[in-house]
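Reviewing the structure listed below.
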Ligand SMILES: NC(=O)c1ccc[n+]([C@@H]2O[C@H](COP(=O)([O-])OP(=O)(O)OC[C@H]3O[C@@H](n4cnc5c(N)ncnc54)[C@H](OP(=O)(O)O)[C@@H]3O)[C@@H](O)[C@H]2O)c1
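Laid out in structure tokens, this is it:
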């Protein structure tokens with residue numbers, strides 16, 4: 001049986017652990033805030049005290065943390081991965097990070113003979129629990145093939161995309177769609193409501209057209225109900241818009257709408273909406289949208 005380490009049991013990481021444990025993978029798990037990992041013990045996981053302990057007891061580690069600086073911390077910080085006793089270790093990074101940082105990280109890990117794969121995903125905790133994520137892998141194909149069994153357990157579709165950085169770049173391009181869609185559906189609902197039209201009617205008609213989306217079929221109804229219980233926090237989507245803007249900049253590309261939308265999400269975070277679901281952008285836009293507030 002493969003020895004799998006998991007670092008990061010936030011919303012997505014915890015759900016991935018639950019899925020893997022259900023399918024009898026042997027897991028050793030670490031989270032910076034230990035309390036968030038403890039319940040996984042009841043599901044059969046071993047809870048480690050440090051990333052070092054994870055590295056010493058795993059052949060592959062899935063990292064599901066916030067961003068590249070978090071990866072640095074768990075890998076090269078105090079009692080980090082590189083302090084462990086490891087051999088032939090692979091790190092599959094599921095976090096959404098800057099593709100340029102990911103290429104740098106891969107190089108840094110290779111100095112320690114650690115192989116890194118980029119394996120970002122689409123889909124949230126519910127999709128992870130049901131094994132319905134979409135996973136994009138870049139890096140060494142032979143290593144991807146070796147651990148495909150794990151990826152197939154959490155994802156209904158996996159795409160092998162070749163060279164490092166590709167997966168993260170596509171992932172960022174997709175998160176831009178999420179951010180745009182959440183804003184456009186918010187403003188559609190707001191306009192219907194202000195004109196005393198039932199927003200459900202607006203959605204019903206939208207969803208009978210070619211322009212329906214997962215957002216209009218699912219999350220939009222939660223917006224109408226003011227249900228912003230997070231599955232993917234607004235502050236994390238904002239982080240991805242920041243990365244997309246800076247990657248575009250480094251490629252000599254100006255993405256005017258992404259920049260604009262990033263500012264809106266940033267303002268929402270600053271006004272205290274960051275820990276809501278990203279669809280909480282609807283609540284923020286409602287708050288700032290009265291003409292008298294201009
Ligand atoms: N949720 C989703 O639907 C979803 C979908 C696709 C991709 N993602 C990506 O997956 C990653 C995790 O997302 P999430 O929703 O699970 O976020 P989350 O609930 O905010 O969890 C973030 C995780 O990162 C850890 N972390 C943050 N900074 C750290 C540091 N400096 N050192 C060590 N650990 C650190 C946190 O530890 P603490 O608990 O100690 O804070 C926590 O385990 C993010 O990159 C996100 O963009 C999320």
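In our numbering, the protein residues as written are 1 to 294.
Backbone N, C-alpha and C define an ideal beta-carbon position, used for all residues, glycine too.
query: Under a three-way DSSP split, which group does residue 117 fall into?
result: The sequence position of residue 117 within the chain shown is 117, counting from 1. Per DSSP, reduced to three states, the secondary structure at residue 117 is strand.
query: Per DSSP, which one or two residues make a beta bridge with residue 136?
result: As a first step, residue 136 is located in the chain shown; it is residue number 136 there, counting from the start. 159, per the DSSP bridge assignment.
- prompt: In whole angstroms, what separates the C-alpha of residue 41 from that of residue 21?
  reply: One-based indexing of the chain shown puts residue 41 at position 41. One-based indexing of the chain shown puts residue 21 at position 21. Answer to the nearest angstrom: the Cα atoms are 10 Å apart.
task: Taking only heavy atoms of ligand 1 into account, decide whether any of them is closer than 7 Å to the Cβ of residue 99.
output: Here residue 99 refers to the residue found at position 99 when the chain shown is read from its first residue. Not under cutoff, so the answer is no.
task: Thinking residue 51 and residue 74 are a contact (beta carbons under 8 Å), I'd like their distance in whole angstroms, please.
output: The count along the chain shown starts at 1 and reaches residue 51 at position 51. The count along the chain shown starts at 1 and reaches residue 74 at position 74. Between residue 74 and residue 51 the Cβ distance is about 4 Å, and since that is below 8 Å, they are a contact.
message: Which complete alpha helix (DSSP H) runs does the region 181 to 248 hold, if anything under 4 residues is left out?
response: 199 to 206, 220 to 224
- prompt: Looking only at its own chain, which residues have a Cβ that is under 6 Å from the Cβ of residue 90, when we skip the five neighbours before and after it?
  reply: In the chain shown, the residue the question calls residue 90 occupies position 90. Result list for residue 90: 60, 115, 143, in chain order.
message: Is it buried or exposed, residue 120, if we count other Cβ atoms within 10 angstroms and call 16 or more buried?
response: Working through the chain shown from its first residue, we reach residue 120 at position 120. Burial check for residue 120: the Cβ neighbour count within 10 Å reaches 16 or more, so the residue is buried.
query: Would you say the beta carbon of residue 238 comes nearer than 7 Å to a heavy atom of ligand 1?
result: Counting from 1 along the chain shown, the entry for residue 238 is found at position 238. Every heavy atom of ligand 1 is 7 Å or more from the Cβ of residue 238, so no.
task: Go to residue 5, then tell me how far its beta strand (DSSP E) extends in each direction, as first and last residue.
output: As a working mapping, residue 5 is identified with position 5 in the chain shown. Per DSSP, residue 5 belongs to the beta strand (DSSP E) from 3 to 7.
field: Heavy atom of ligand 1 within 7 Å of residue 225 beta-carbon
entry: In the chain shown, residue 225 corresponds to position 225, counting from 1. The answer is no for residue 225.
- request: Rounded to whole angstroms, what's the CA-CA distance from residue 2 to residue 249? Just pull it up for me.
  value: Taking the first residue of the chain shown as 1, we reach residue 2 at position 2. Taking the first residue of the chain shown as 1, we reach residue 249 at position 249. Distance between the alpha carbons of residue 2 and residue 249 is about 41 Å.
- prompt: DSSP state of residue 277, grouped into three classes?
  reply: For the purposes of this step, residue 277 is taken as residue 277 along the chain shown, with counting starting at 1. If DSSP states are grouped into helix, strand and coil, residue 277 belongs with the strands.
message: So, does the region 158 to 165 touch the region 179 to 195, judging by three or more C-beta pairs under 8 Å?
response: no
message: Residues in the same chain with beta-carbon distance under 8 Å from residue 129, minus the five sequence neighbours each way, listed in chain order, please.
response: As a position in the chain shown, residue 129 is number 129, starting the count at 1. So the list reads 15, 18, 19, once near-sequence residues are dropped.
query: Excluding the five sequence neighbours on either side, which residues of its own chain have a C-beta within less than 7 Å of the C-beta of residue 294, listed in chain order?
result: In the chain shown, counting from the first residue as 1, residue 294 sits at position 294. With a pLDDT of 48 at residue 294, under the threshold of 50, the modelled position of this residue cannot be trusted; read the value that follows with caution. Nothing meets the Cβ criterion.
For residue 158 and residue 33, the rounded distance between their alpha carbons: Mapped onto the chain shown, residue 33 falls at position 33. Mapped onto the chain shown, residue 158 falls at position 158. Looking at the two C-alpha atoms, the distance is approximately 30 Å.
message: Which residues does DSSP list as the beta-bridge partners of residue 90?
response: Here residue 90 refers to the residue found at position 90 of the chain shown. Answer is 60, 115.
task: Would you be able to state if there are at least three C-beta pairs under 8 Å between the region 216 to 228 and the region 267 to 280?
output: yes
Rounded separation between residue 247 and residue 99 - CA only: One-based indexing of the chain shown puts residue 247 at position 247. One-based indexing of the chain shown puts residue 99 at position 99. Between residue 247 and residue 99, the C-alpha separation is close to 8 Å.
- request: Would you be able to state if there are at least three C-beta pairs under 8 Å between the region 123 to 142 and the region 199 to 209?
  value: no
query: Within the present structure, is the beta-carbon of residue 11 separated from the nearest heavy atom of ligand 1 by less than 7 Å?
result: Position 11 of the chain shown, counted from the start, is the residue given in the question as residue 11. Residue 11: yes, Cβ under 7 Å from ligand 1.
query: With respect to the alpha helix (DSSP H) encompassing residue 266, which residues constitute its N-terminal and C-terminal limits?
result: Taking the first residue of the chain shown as 1, we reach residue 266 at position 266. Run containing residue 266: 256 to 268, per the alpha helix (DSSP H) assignment.
- prompt: DSSP state of residue 49, grouped into three classes?
  reply: One-based indexing of the chain shown puts residue 49 at position 49. The answer is coil: DSSP assigns residue 49 none of H, G, I, E or B.
- request: With residue 150 as the anchor, note down where its alpha helix (DSSP H) starts and where it stops.
  value: By 1-based counting over the chain shown, the position of residue 150 is 150. Per DSSP, residue 150 belongs to the alpha helix (DSSP H) from 148 to 154.
Closest residue to residue 4 among 101, 69, 153 (Cα-Cα distance): The count along the chain shown starts at 1 and reaches residue 4 at position 4. Closest by alpha carbon: 153.
message: Give me, in chain order, the residues of the same chain whose beta-carbon lies closer than 7 Å to that of residue 82; leave out the 5 immediate sequence neighbours on both sides.
response: The sequence position of residue 82 within the chain shown is 82, counting from 1. For residue 82, where only same-chain residues beyond five positions count, the Cβ hits under 7 Å are 75, 76, 112.
- prompt: Heavy atom of ligand 1 less than 7 Å from the Cβ of residue 274, yes or no?
  reply: Locating residue 274 in the chain shown gives position 274, counting from the first residue. False, no ligand heavy atom lies under 7 Å from that Cβ.
query: What did DSSP end up calling residue 294 once you bin it into helix, strand or coil?
result: Stepping through the chain shown from its first residue, residue 294 is reached at position 294. Note that residue 294 scores 48 on pLDDT, short of 50, meaning its location in the model is unreliable; the coordinates nonetheless yield the value given after this. Correct three-state label for residue 294: coil.
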